[in-house]
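The structure appears right after this line, and notes come after that.
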Amino acid sequence: MTDFCNQNSKRRAPQSQKPQVVKANGEPRPPVAVTIDGQEISVPWGTTILEAAKQLGIRIPTLCAHQDLCVAGICRICVVEVEGMRTLQASCAYPITSPLKINTHTRKVRQARRHIIDLMLSRHYGECYTCFRNNNCELRALAKEYGVDFFRFGHPEEPLYEVDSSSHAVVRDMNKCILCRRCVRTCIDVQEVGCLEAINRGDQTKIATFMDKPLADVVCINCGQCINRCPTGALRANDPTDEVWAAIDNPKKHVVIQTAPAPRAAIGECFGLEPGRALTFEMNTALRMCGFDKVFDTNFTADLTIIEEGTELIQRLYKALVLKDSSVALPQFTSCSPGWVKFLEHFYPEYIPNVSSAKSPQQMFGAVIKTYYAKLNNIDPKDIVTVALMPCSAKKFECNRPEMIDSGFKDVDYGLTTRELAQMFHEAGIDLPKMPKSDFDDPFGTATGSGVIFGATGGVMEAALRTVIEMVTGEKIEKYFEHADIQPVRGMEGVRKAEVKIPKVGPVPDIIKHLIPNWDWLNGATLKVAVAHGTANAKKVMENIKAGGELASFHFIEFMACPGGCLGGGGQPIPTSPEIREARARAIYSEDSAYKVRKSHE
Numbered sequence: 000m001t002d003f004c005n006q007n008s009k010r011r012a013p014q015s016q017k018p019q020v021v022k023a024n025g026e027p028r029p030p031v032a033v034t035i036d037g038q039e040i041s042v043p044w045g046t047t048i049l050e051a052a053k054q055l056g057i058r059i060p061t062l063c064a065h066q067d068l069c070v071a072g073i074c075r076i077c078v079v080e081v082e083g084m085r086t087l088q089a090s091c092a093y094p095i096t097s098p099l100k101i102n103t104h105t106r107k108v109r110q111a112r113r114h115i116i117d118l119m120l121s122r123h124y125g126e127c128y129t130c131f132r133n134n135n136c137e138l139r140a141l142a143k144e145y146g147v148d149f150f151r152f153g154h155p156e157e158p159l160y161e162v163d164s165s166s167h168a169v170v171r172d173m174n175k176c177i178l179c180r181r182c183v184r185t186c187i188d189v190q191e192v193g194c195l196e197a198i199n200r201g202d203q204t205k206i207a208t209f210m211d212k213p214l215a216d217v218v219c220i221n222c223g224q225c226i227n228r229c230p231t232g233a234l235r236a237n238d239p240t241d242e243v244w245a246a247i248d249n250p251k252k253h254v255v256i257q258t259a260p261a262p263r264a265a266i267g268e269c270f271g272l273e274p275g276r277a278l279t280f281e282m283n284t285a286l287r288m289c290g291f292d293k294v295f296d297t298n299f300t301a302d303l304t305i306i307e308e309g310t311e312l313i314q315r316l317y318k319a320l321v322l323k324d325s326s327v328a329l330p331q332f333t334s335c336s337p338g339w340v341k342f343l344e345h346f347y348p349e350y351i352p353n354v355s356s357a358k359s360p361q362q363m364f365g366a367v368i369k370t371y372y373a374k375l376n377n378i379d380p381k382d383i384v385t386v387a388l389m390p391c392s393a394k395k396f397e398c399n400r401p402e403m404i405d406s407g408f409k410d411v412d413y414g415l416t417t418r419e420l421a422q423m424f425h426e427a428g429i430d431l432p433k434m435p436k437s438d439f440d441d442p443f444g445t446a447t448g449s450g451v452i453f454g455a456t457g458g459v460m461e462a463a464l465r466t467v468i469e470m471v472t473g474e475k476i477e478k479y480f481e482h483a484d485i486q487p488v489r490g491m492e493g494v495r496k497a498e499v500k501i502p503k504v505g506p507v508p509d510i511i512k513h514l515i516p517n518w519d520w521l522n523g524a525t526l527k528v529a530v531a532h533g534t535a536n537a538k539k540v541m542e543n544i545k546a547g548g549e550l551a552s553f554h555f556i557e558f559m560a561c562p563g564g565c566l567g568g569g570g571q572p573i574p575t576s577p578e579i580r581e582a583r584a585r586a587i588y589s590e591d592s593a594y595k596v597r598k599s600h601e
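Be aware that the sequence shown starts at 0, since it is given in numbering that gives the first Met the number 0, and climbs by one per residue.
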């Protein structure tokens, strides 16, 4: 049987990639005819039984399989009968290379699946009623589907492992782990971090960190991608909702919340809506009903970030190209993604000077609230509680970094994920899609479309280019890119490169004339930029730069830790898939198009 997961490869192919479909002589292999549950279908050579069944509308249950991950064939829930074979076969890992007759739901298959579920439950300690995945647990759903109404092989009455809550971002409860290795494959193959692995053998097997250390003490980048793919409640974000409710209920505290664009495009999924419908203004109303004193738009500081990063890029280029300052670190890297920043700190610390000095929009907003806003409203910063609604578990780590203090207090007190805010709405009896719409509060409710697209991979780059091109040429970006949509940096390819020629230059804006006297040195120049999402792709870029490759000569690179950017963040609704991330991206770009002002500098 073909091994689709090349164990010798540093990064193994996800299930969505097909195996080689040509013969050794280069000729294409013909399609293969198979019969599944009496239905005939012709499929490309190497298609798995699971994929073929899906094409026929036949559902085969899975636990270890995931669209984003390589084939594992570990859980065996997907077993089927193949005529002529004595044993049941894992449909997710069995490639069709010759005509087959397959049965997916015979008595033998059903009994085997139930037996496997019984065995999983025999080691699965956990009260379903108190588990954060109680309404969205794949194991529980399968137990119900296969009529498991008692613990056939017993059930742990006491936890076998201590819960690891050492990390600000991710909590690990191995008592609920079913050893599917989705988290391991995510960490190794999708992110190429590798802080999780399976250790021991037999009934002593467990998923652990290096030397079984607490998660906070290993190279975890807090991205939360393992949470998004875990089928049970073994992994979850470190939830501060109790503390947020306590602050709201405290009359001495002024509680402010900022909301990022990606959660607004996804939170509807927690209320039964299809992916791709933004509930921005309904959410504003719901937040006020929960008791937040002010509801602000993170896009306000996303626009500030673009002004800061764009100006910083131009300054770096001026120093390097005109002043010939060899100490200038290029290419400049974005600083918005805390998972990416931690990845860089762990694996490429020598490139820290390349990271933009601008804080992320979350932290910039927190600093503005605890300083300018506090002074404007005559509120002691110690009495202000800032909450950030983010799509990201790593944002929880970011707001707890010791350097993120400008007022003597934490810039951002608590980070909430999209899932956690949805739970708060459920607690408050709020049916979000039915809420009336309302706007953000002043003075931080005004933003541009450039701030909105921060939520999608390539969005920061596109927003920066809109501003830099107009600033340098003195002409509207629409002259060069239709509707101001910079398509070369959009999309879901892991690494995207673009070259933007500056055909002419205009006058230098007065606000930066003391830094850069003229644009003559940019006349006719070509700005080389790149975008990478998912740290496995970030690693490709960094290795290329480190080796002095093509990307070492680039000027500006956007990095996002999560596949799809913030839209696929570790705090977004579960499940996640390429199709779901693309639907969320469409919602983001649609919202951008609806803005009257779409450039950060306007």
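A virtual CB, placed ideally from N, CA and C, is assigned to each residue, including glycine. Keep in mind the model is a prediction, meaning the values are calculated, not measured.
* **Straight-line Cα distance separating threonine 310 from lysine 598** => 14 Å
* **Spatial distance of valine 294 from lysine 53 (CA atoms)** => The alpha-carbon of valine 294 is positioned some 44 Å away from that of lysine 53.
* Apart from the five residues just before and just after glycine 365, which ones in its own chain have a Cβ nearer than 6 Å to its Cβ? -> Thr385, Asp410, Val411
* Option nearest isoleucine 652 by Cα separation, candidates Pro432, Ser406, Gly153, Thr208 -> Nothing in the structure corresponds to residue 652, since the chain is present only between 0 and 601.
* Asked: According to the neighbour-count rule (16 or more other Cβ atoms, all chains shown, within 10 Å of its Cβ), is methionine 210 buried or exposed?
  -> exposed
* Asked: Can the beta-carbon of threonine 47 be found closer than 7 Å to that of proline 98?
  -> no
* What is the DSSP secondary structure of glycine 569, counted as helix, strand or coil? -> Glycine 569 falls in the coil class under three-state DSSP.
* Asked: Can at least three beta-carbon pairs, one atom from the stretch 117-131 and one from the stretch 171-181, be found at a separation below 8 Å?
  -> yes
* To do: Check whether the Cβ atoms of arginine 263 and alanine 277 sit closer than 7 Å, and answer yes or no.
  => yes
* Any chain C beta carbon closer than 7 Å to arginine 151 -> Within the model displayed, chain C is absent; a lone protein chain is all it includes.
* **Separation of serine 166 from glycine 548, as counted between CA atoms** => 36 Å
* Asked: Can at least three beta-carbon pairs, one atom from the stretch 419-427 and one from the stretch 302-309, be found at a separation below 8 Å?
  -> no
* Asked: Within the present structure, is the beta-carbon of threonine 231 separated from the nearest heavy atom of the ligand NAP by less than 6 Å?
  -> Absence of the ligand NAP from the depicted structure is noted, as is the absence of any ligand whatsoever, leaving it without description.
* **Stretch-stretch touch, CB-based, cutoff 8 Å, three pairs: the stretch 519-526 with the stretch 484-491** => no
* **Paired residues, beta bridge with valine 530 - DSSP** => Arg495, Glu557
* **alpha helix (DSSP H) segments (min. 4 residues) lying fully within the stretch 109-180** => 137-144
* Could you check what DSSP says for threonine 304 in three-state terms: helix, strand or coil? => Correct three-state label for threonine 304: helix.
* By a C-beta neighbour count over all protein chains shown, 10 Å radius and 16 as the cutoff for buried, is arginine 228 buried or exposed? -> Answer is buried; the Cβ neighbour count reaches 16.
* To do: Within the stretch 218-246, note down every full beta strand (DSSP E) run reaching 3 residues or more, in order along the chain.
  => Restricted to the stretch 218-246, the beta strand (DSSP E) segments that are unbroken, complete and at least 3 residues in length are 234-236, listed in chain order.
* Asked: If you scan the stretch 17-95 from start to end, which runs of the beta strand (DSSP E) of 3 or more residues do you find wholly inside it?
  -> List check, beta strand (DSSP E) in window: 31-35, 38-42, 78-81.
* Asked: Between arginine 495 and phenylalanine 558, what straight-line distance do the alpha-carbon atoms span, to the nearest angstrom?
  -> 11 Å
* **Spatial neighbours of asparagine 376 in its chain, beta-carbon cut-off 6 Å, leaving aside the 5 residues before and after** => none
* Asked: Which class does asparagine 353 belong to by DSSP, given the choice of helix, strand or coil?
  -> helix
* Asked: Rounded to whole angstroms, how far is the Cβ of isoleucine 76 from the Cβ of leucine 141, which I believe are closer than 8 Å?
  -> 7 Å
* **Exposure of serine 325, with buried meaning 16 or more beta-carbon neighbours within 10 Å** => Label assigned to serine 325: exposed.
* Asked: Buried or exposed: where does tyrosine 371 fall if 16 or more other Cβ atoms within 10 Å of its Cβ makes it buried?
  -> With fewer than 16 other Cβ atoms inside 10 Å of its own Cβ, tyrosine 371 counts as exposed.
* **C-alpha gap between leucine 154 and glycine 146, whole angstroms** => Note that residue 154 is histidine in the sequence shown, not leucine. About 17 Å.
* Mapping DSSP to helix, strand and coil, what is threonine 385? -> strand
* So, is tryptophan 520 buried or exposed, given that buried needs 16 or more other C-beta atoms within 10 angstroms? -> exposed
* Nearest to valine 540 by alpha carbon, out of Tyr413, Phe332, Ala393, Ala373? -> Checking every option, the nearest Cα to that of valine 540 belongs to Phe332.
* **Distance, threonine 258 Cα to alanine 586 Cα** => Taking the straight line from one Cα to the other gives about 16 Å.
* Asked: With respect to the alpha helix (DSSP H) encompassing asparagine 283, which residues constitute its N-terminal and C-terminal limits?
  -> 279-289
* Asked: Is leucine 329 helix, strand or coil by DSSP?
  -> coil
* To do: Look up tyrosine 413 in the DSSP assignment and say whether it is helix, strand or coil.
  => strand
* Asked: What do you get for serine 552, buried or exposed, if any count of 16 or more other CB atoms within 10 angstroms of its CB means buried?
  -> exposed
* To do: Specify, as a first and last residue, the run of the beta strand (DSSP E) that isoleucine 206 falls within.
  => In the DSSP assignment, isoleucine 206 falls within the unbroken beta strand (DSSP E) covering 205-207.
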